[in-house]
Amino acid sequence: MDTPTPTARAAVLVARRIFPETLARLRQHFDVDSNDADEDWSQEELIRRLQGKAGVLLTGTQRVDAALLTACPRLRIAANMTVGYNNFDVAAMDAAGVVGTNTPDVLTETTADFGMALLLAAARRVTEAERYLRAGQWTRWTVDLMAGAEVHGTTLGILGMGRIGQAIARRGAHGFGMRVLYHNRRRLDAATEQACRATYVDKATLLREADHLMLVLPYTPENHHTIGAAELALMKPTAVLVNLARGGIVDDAALAEALRQRRIAAAGLDVFEGEPHVHPGLLQVPNVVLTPHIASATLRTRRAMADLAADNLIAYLTEGRVLTPVNRPPQPRA
10 MDTPTPTARA AVLVARRIFP ETLARLRQHF DVDSNDADED WSQEELIRRL QGKAGVLLTG
70 TQRVDAALLT ACPRLRIAAN MTVGYNNFDV AAMDAAGVVG TNTPDVLTET TADFGMALLL
130 AAARRVTEAE RYLRAGQWTR WTVDLMAGAE VHGTTLGILG MGRIGQAIAR RGAHGFGMRV
190 LYHNRRRLDA ATEQACRATY VDKATLLREA DHLMLVLPYT PENHHTIGAA ELALMKPTAV
250 LVNLARGGIV DDAALAEALR QRRIAAAGLD VFEGEPHVHP GLLQVPNVVL TPHIASATLR
310 TRRAMADLAA DNLIAYLTEG RVLTPVNRPP QPRA
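First residue of the sequence shown: 10, per the numbering used here; consecutive thereafter.
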């Protein structure tokens, strides 16, 4: 995708606080307006701040839609500091000639590590046991004290088999001796299946046979409430559900009720519908591990995410190159 190289410094907006070193590098190339106070701007405030800006660095919670694109006619690129981009109206961006980018690859292994951490914590009742201990309830040992579910040698089900799903499959199969089943929009090639030691099954079989179900599929309108009351009813009563993907893929109200009634054993959740709001039912059950959307939160990985978003802004606005596009508008905005 080629566009004319600008003759003057472009202006860009950094919509949330990022690492000072990344910000300094952007300032070598652009006039930068940065949200150093890390405020949660309204959509109206975001639009106001974007006036005259050619690019914006986002963290995935700020929406780029048709109304924003119409109100910000100089915007040419929106760079997400995330791998997901459900905050982008891609069709509207295509129509407006605005490029969107994301940060694939740099967070794959870190996120897969965290998926296994959530699985282990939920299955082995780690946070429940810690609360029990901190409350002074641990006074003696018993044979079934905080007895949880096995992970090693059990069946791991993965819904969504992209980069992160494959990394989790490798950890499960090679590290924990797990039988790995998966369901995906498209079946993987034979070589990738073999490397992951993963077997493709339909969704119903996945739900019925998994001892532990890991969700790592992207959020789309079609994937809204992919896991709801009907799907939870198909799972084993001993099963553990882990959602690393996006809020909205799971019906949080239905999950809270399933956990309350012990229709499944436990859950580990890093994402929620309407986050940072968490469904109150999930806060009231003991058999769930809750974390605040931190699956990629190591300093090295978050820095790499910020740097890749900045690299996209620099490459596109100074050279007309795009590194990790999520769309390629047929007529880039001049």
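Even glycine gets a Cβ: it sits at the ideal position worked out from N, Cα and C.
These figures come from a predicted structure and were not determined experimentally.
Measure the C-alpha to C-alpha separation of residue i and residue j and round it to an integer number of angstroms.
i, j, result
"A267", "V189", "24 Å"
"C81", "M223", "39 Å"
"R85", "E30", "24 Å"
"V115", "T333", "11 Å"
"A158", "E139", "17 Å"
"N89", "T112", "7 Å"
"G329", "A343", "11 Å"
"V73", "V99", "9 Å"
"V160", "L55", "45 Å"
"M314", "G109", "15 Å"
"P338", "A105", "8 Å"
"D320", "G64", "12 Å"
"G169", "A17", "44 Å"
"N336", "T151", "57 Å"
"D40", "V280", "34 Å"
"I323", "A87", "12 Å"
"V297", "Y228", "22 Å"
"P341", "V107", "6 Å"
"N232", "A239", "15 Å"
"A211", "V225", "Per the sequence shown, the amino acid found at residue 211 is Asp instead of Ala. Cα-Cα distance, rounded: 16 Å."
"G184", "M125", "10 Å"
"R133", "T117", "24 Å"
Could you spell out the range, first to last residue, of the alpha helix (DSSP H) harbouring residue i?
i, result
"G174", "172–179"
"M223", "From DSSP, M223 is part of no alpha helix (DSSP H) but of the beta strand (DSSP E) over 221–224."
"I56", "52–58"
"D279", "No alpha helix (DSSP H) holds D279; DSSP gives it neither H nor E."
"T136", "135–143"
"A319", "308–328"
"K212", "212–218"
"R34", "29–36"
Any idea if residue i is buried or exposed, counting beta-carbon neighbours within 10 angstroms, 16 or more meaning buried?
i, result
"E53", "exposed"
"R149", "exposed"
"I303", "exposed"
"D47", "exposed"
"S305", "buried"
"Q71", "buried"
"Q175", "buried"
"Q270", "exposed"
"L248", "Strictly speaking, residue 248 in this sequence is Ala, with Leu absent from that position. When all chains shown are included, A248 counts as buried."
"R309", "exposed"
"R195", "exposed"
Could you tell me if the beta carbon of residue i falls within a distance shorter than 7 Å of some heavy atom in the ligand NAD?
i, result
"V259", "Absent from the structure shown: the ligand NAD. Ligands present: none."
Which one or two residues does DSSP pair with residue i in a beta bridge?
i, result
"G109", "A87"
"L299", "L278"
"H192", "L168"
"G64", "V21, I86"
"V73", "F97"
"V41", "V21"
"V152", "None; V152 has no bridge partner."
If you follow the beta strand (DSSP E) that residue i is in, where does it begin and where does it stop?
i, result
"A207", "207–209"
"L250", "249–252"
"T119", "Careful: T119 lies outside any beta strand (DSSP E), inside the alpha helix (DSSP H) at 117–132."
Any beta-carbon of chain D closer than 8 Å to the one on residue i?
i, result
"A20", "Of the chains in the structure shown, none is chain D; there is only one protein chain."
For the putative contact between residue i and residue j, defined by C-beta atoms under 8 Å, what is the C-beta separation to the nearest angstrom?
i, j, result
"G145", "L165", "The pair is not a contact, with the Cβ atoms about 36 Å apart (cut-off 8 Å)."
"L66", "A318", "5 Å"
"H221", "T300", "H221 to T300, Cβ: 17 Å. No contact."
"L264", "L241", "7 Å"
"T120", "I173", "5 Å"
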